[in-house]
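This report concerns only the one structure given below.
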Amino acid sequence: MAESLFLVLIFLPLSGGIGCLLLRSSLPRMVLVGGTVVVLSLCSLLVDRALFPSVHGSFPSFYNQFIFAADFLVLLAILFLGCRCRHWLIVALSLCQAGILAYLEFFVVQGEAIPPPFYVDALSLVLLRVVCLVGGIICLFAVPYMQTHEQHGRIPDTKQPAFFALLLFFLGAMNGLVVTNNMLHFYFFFELTTLCSYLLISHDGTEEAVTNGLTALWMNSLGGLFLLLAVWGFYGHAASTDMRLLAQGSAAGKAAMLPLGLLILAAFIKSAQLPWQKWLVGDMVAPTPVSALLHSSTMVKAGVYLALRFAPAYAGTMLAKGLIPAGGFVFLAAALLAMGQQNAKKVLAYSTISNLGLIFACAGIGTPAAILAGILLIIFHAVSKGLLFLCIGAAEQ
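Below, the structure is given as structure tokens:
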């Protein structure tokens, strides 16, 4: 039962996105988006406390094969975009990741026992419902919004099929990210959100939108490279890609500090913490539902989720002690920057960065109360920031 729910949560939005690409008429597409959102919301509510903490065992091999093939397809797509835009840093980052991933898949973890594919606990459950419920509401808001958006922009050929496909792909990628138990699978979903974010930020096709989209692509690709290096380091120390064991620090005693440091650095970039805030502030050029989705229920939440998930592994270490002042500094500095903005979207952008800094500080403290505070901040921030962005979008129109 649980495995079927996880499959629906991951593959239903991916299938719905493909359906949006094929449907050129607006009414069937609206029905498809609405139906997908409703089913995802119900499935997220069906994953209850009875399922966690639990690890789900045997699973069909097609799932691992799908992730393996899709991982290289995502990197190939990023490489193609880098070549097309002549952005050689993106090209270099994608080639490095492809080389390391191929080495890991073919020469390091090949033949090793594959860890259980899914793991869900209280943190996973919170993120799952945030993604499906808050993200679902944003997708529903986007249906009438995008019609007016294209009318204001006088866009002759609608781009809505691709736009709604990407929104649903994003939800599926985030669902996979928060329930997976395999670090290599986590890396795939991590990079899939990077690709989707670029395509959504550059959706309108203006020079500014494309430039800001490329900034998001190279920065988050750098985060993906750090994450992949962390996976390599974890496997070298613990001979495992089991996320649950690594996060508890129990696969081989305390996990090495270098892989954990790389992992936190990847999380910092994904959550647009200073000095990596430029990509998140730049997404303001995208249609408002994109900003609402990236800031509230997806993308940036992947970083804080990673920090909170691995908090037991680095609790009490120098890394944790360094994360507390780093998160506190971002919390204060970004709040001051937000106070100096006159554009409403930029105020919310720096406010997002500030709130995420506070969650990183909670992860560094690492006590049960601090972790609970971080989880409550995720819920509060997702709901309030999503609604604030939607209000700004409605006011602009």
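First residue of the sequence shown? That's 0 in numbering that gives the first Met the number 0, and the numbers climb one at a time after it. For each residue, glycine too, the CB sits at the ideal point set by N, CA and C.
Could you give the residue range of the beta strand (DSSP E) that holds residue i?
| i | result |
| --- | --- |
| Phe163 | Counting along the chain, Phe163 falls outside any beta strand (DSSP E), though it belongs to the alpha helix (DSSP H) covering 159-178. |
| Val119 | 117-119 |
With the cut-off set at 8 Å, would you say residue i and residue j are in Cβ contact?
| i | j | result |
| --- | --- | --- |
| Leu39 | Cys131 | yes |
| Leu292 | Gly33 | no |
| Leu305 | Ile370 | no |
| Pro143 | Arg28 | no |
| Gly223 | Phe189 | yes |
| Phe388 | Thr287 | yes |
| Leu176 | Ala301 | yes |
| Ala325 | Ile391 | no |
| Leu20 | Leu31 | no |
| Val46 | Val129 | no |
| Val178 | Leu127 | yes |
| Leu11 | Thr35 | yes |
| Leu9 | Ala164 | Contrary to the premise, residue 9 reads as Ile rather than Leu in this sequence. Taking 8 Å as the Cβ cut-off, Ile9 and Ala164 do not qualify as a contacting pair. |
| Pro114 | Asp241 | yes |
| Gly365 | Ala334 | no |
| Gly373 | Ser296 | no |
| Gly81 | Ile89 | yes |
| Val107 | Tyr234 | yes |
| Met218 | Ile268 | yes |
| Ala229 | Leu261 | yes |
| Ala141 | Leu166 | yes |
| His86 | Lys158 | no |
| Thr147 | Gln396 | yes |
Among all the DSSP beta bridges, which residues are the ones paired with residue i?
| i | result |
| --- | --- |
| Asp282 | Paired residue(s): none; Asp282 is not in a bridge. |
| Asn181 | Asp241 |
Rounded to whole angstroms, how far is the Cβ of residue i from the Cβ of residue j, which I believe are closer than 8 Å?
| i | j | result |
| --- | --- | --- |
| Phe359 | Val303 | 7 Å |
| Val7 | Phe187 | That pair is no contact at about 18 Å. |
| Leu92 | Ser270 | Not confirmed; about 19 Å, so no contact. |
| Trp278 | Ala215 | 4 Å |
| Asn180 | Pro116 | 6 Å |
| Gln247 | Pro311 | 5 Å |
| Ala265 | Leu226 | 4 Å |
| Ala208 | Gly232 | No, Ala208 and Gly232 are not in contact; Cβ-Cβ is about 36 Å, not under 8 Å. |
| Leu331 | Ile263 | Wrong, their Cβ atoms sit about 19 Å apart, outside the cutoff. |
| Ala393 | Gly363 | The pair is not a contact, with the Cβ atoms about 37 Å apart (cut-off 8 Å). |
| Val382 | Ile352 | No, Val382 and Ile352 are not in contact; Cβ-Cβ is about 18 Å, not under 8 Å. |
| Thr289 | Ala348 | Strictly speaking, residue 289 in this sequence is Val, with Thr absent from that position. 12 Å between Cβ atoms; not a contact. |
| Met145 | Phe168 | Between Phe168 and Met145 the Cβ distance is about 16 Å, and since that is not below 8 Å, they are no contact. |
| Cys195 | Ala172 | 6 Å |
| Leu376 | Ala285 | With a Cβ gap of about 25 Å, Leu376 and Ala285 do not count as contacting. |
| Leu78 | Leu94 | 7 Å |
| Asp156 | Asn211 | Not a contact, Cβ separation roughly 22 Å. |
| Glu104 | Phe67 | 6 Å |
Span of the alpha helix (DSSP H) holding residue i?
| i | result |
| --- | --- |
| Cys95 | 87-102 |
| His236 | 206-237 |
| Ile113 | Here Ile113 belongs to no alpha helix (DSSP H), and DSSP marks it neither H nor E. |
| Thr366 | Here Thr366 belongs to no alpha helix (DSSP H), and DSSP marks it neither H nor E. |
| Pro258 | 256-269 |
Any C-beta of chain D sitting closer than 8 Å to the C-beta of residue i?
| i | result |
| --- | --- |
| Leu257 | This model lacks chain D altogether, as it is built from one protein chain only. |
Extract the residue ranges of the alpha helix (DSSP H) inside the stretch 8-77, only unbroken runs of 4 or more that lie entirely within it.
25-45
Can you list, in chain order, the stretches of the beta strand (DSSP E) that have 3 or more residues and sit fully within the stretch 293-335?
none
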